[in-house]
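Asker: I'd like to ask some things about the structure below.
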Amino acid sequence: VSVSWAGVVNTSYRGSFGSGVGRDATGETERDLSTHALSLQSAFLAPFGLQARLDRPIQVSLQYQQSHQIECRATPGAGGCVSFIDQLNRNLNLTLDSWVSEFHLGMQLGFVDRKSFVGLRDGTRQFQLILFGQFDLTARLFAEGTQGT
């Protein structure tokens, strides 16, 4: 689903859900997976007098992604389905970028969260800061004052 709010803010959501059951002589395996992705994008003029230095408005993008996967095994006499995979992954990213002269400059802030709910129940969290830049050069075939043949 995508929605544009007065042409200023664009939002989108995408989700998917899946489940399945496998059977063999020793029991059943059940699987569930859900994924979600939410995105917001917009542009705004730079504050504090910086607008005169930028060639374009500042682009802002906020993205969130999540996936949750569960797999469990049920054997006769076990009394239920015992999870052997139960993990949650989440990512959140904020990106700001614009153009100064012929330079494309920006930064991205990120947060990554991974969790497991079986075994040691371990997980990780990361914060990320990324600065990036790109410049475009135009080559001229002839120097000023000279003529080509």
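Just so you know, my numbering puts 79 at position 79 of the sequence shown, and the rest follows in order with no gaps. Even glycine gets a Cβ: it sits at the ideal position worked out from N, Cα and C.
Would residue 3 and residue 11 be called neighbours here (beta carbons separated by less than 8 Å)?
Answerer: Taking the C-beta atoms as reference points, residue 11 is found nearer than 8 Å to residue 3.
Asker: So, helix, strand or coil for residue 54, using DSSP?
Answerer: coil
Asker: Thinking residue 136 and residue 125 are a contact (beta carbons under 8 Å), I'd like their distance in whole angstroms, please.
Answerer: Not really, about 37 Å apart at Cβ, beyond 8 Å.
Asker: Since residue 56 contacts residue 101 with CB under 8 Å, what's their CB separation in whole angstroms?
Answerer: Not confirmed; about 11 Å, so no contact.
Asker: So the candidates are 106, 70, 51 and 83; which of them puts its Cα closest to the Cα of residue 94?
Answerer: 106
Asker: Using 8 Å as the threshold, is the C-beta distance between residue 91 and residue 110 below it?
Answerer: yes
Asker: Where does residue 121 fall in DSSP's three states?
Answerer: coil
Asker: Give the straight-line distance between the Cα atoms of residue 118 and residue 65, rounded to the nearest whole angstrom.
Answerer: 22 Å
Asker: With DSSP as the reference, label residue 11 as helix, strand or coil.
Answerer: strand
Asker: Following the continuous beta strand (DSSP E) through residue 86, name the residue where it begins and the one where it ends.
Answerer: 82-100
Asker: Taking 8 Å as the threshold (C-beta atoms), are residue 116 and residue 87 in contact?
Answerer: In contact: residue 87 and residue 116 (Cβ atoms closer than 8 Å).
Asker: Excluding the 5 residues flanking residue 103 on each side, which residues of the same chain have their C-beta closer than 8 Å to its C-beta?
Answerer: Excluding residues within five positions, the ones whose Cβ falls inside 8 Å are 133, 134 and 135.
Asker: I'd like the list of long-range same chain contacts for residue 15, defined as Cβ closer than 6 Å, with 5 residues on each side in sequence excluded.
Answerer: 36.
Asker: Residue 74 to residue 122, Cα distance in whole Å?
Answerer: Those two C-alpha atoms are separated by around 24 Å.
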